[in-house]
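Asker: Read left to right, the sequence shown gives residues -19 to -1, 1 to 88 (mature numbering (1 follows the signal peptide of the UniProt record, and there is no 0)).
The following block contains the structure, expressed as structure tokens.
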Amino acid sequence: MKMLLIAVAGLLLASCAQTGTEEYARNLGGKCDVPQYYAIDFSRFDETAQQIAHATGCGIITDTTLTGAIKPHPVKGYLTRREAVFMAIQGTSLKVTQQKPDTITVE
């Protein structure tokens, strides 16, 4: 019985850990799908996007005059660049409007 509870608890925790990232962040096999460790906590989306995209080949396309000042969520953990973007914008007015292997468009 204890093993069953441990297994169920593990499955529940695993599903919670992915909420808001993997179910929307499709792996397209490009430069935006390479994982790395993140510990980002900026007060503006433009700063967060720049940090995620910096020297990676994964372009984050956005109109910073409209999206730059929006407060993103902290991004922490071992994530793909695509998952990191979804984590940053989850619960904000920002949305990913297009995904390609090497680019993510946020509006």
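For each residue, glycine too, the CB sits at the ideal point set by N, CA and C.
Quick test of your reading: A6 and T61, contact by CB under 8 Å. State the CB separation rounded to the nearest angstrom.
Answerer: The residue labelled residue 6 in the question sits at position 25 within the sequence shown. The residue labelled residue 61 in the question sits at position 80 within the sequence shown. With 8 Å as the limit, A6 and T61 qualify as a contact, their Cβ atoms being about 7 Å apart.
Asker: Could you check whether the Cβ of T45 sits closer than 8 Å to any heavy atom belonging to the ligand MG?
Answerer: By its list of ligands, the structure shown contains no ligand whatsoever, and the ligand MG lies outside what it can speak to.
Asker: What does DSSP give as the partner residues of V77 in its beta bridges?
Answerer: Position 96 of the sequence shown, counted from the first residue, corresponds to residue 77. Partner(s): V87.
Asker: Cβ of I41 within 9 Å of Cβ of A50?
Answerer: Translated into the one-based positions of the sequence shown, residue 41 becomes position 60. Translated into the one-based positions of the sequence shown, residue 50 becomes position 69. Their beta carbons are not under 9 Å apart, which means I41 does not touch A50 by this criterion.
Asker: Return the Cβ separation of E88 and T43 in integer angstroms, given the expectation that the two are a contact with Cβ distance under 8 Å.
Answerer: Counted from its first residue, the sequence shown places residue 88 at position 107. Counted from its first residue, the sequence shown places residue 43 at position 62. The pair is a contact, with the Cβ atoms about 7 Å apart (cut-off 8 Å).
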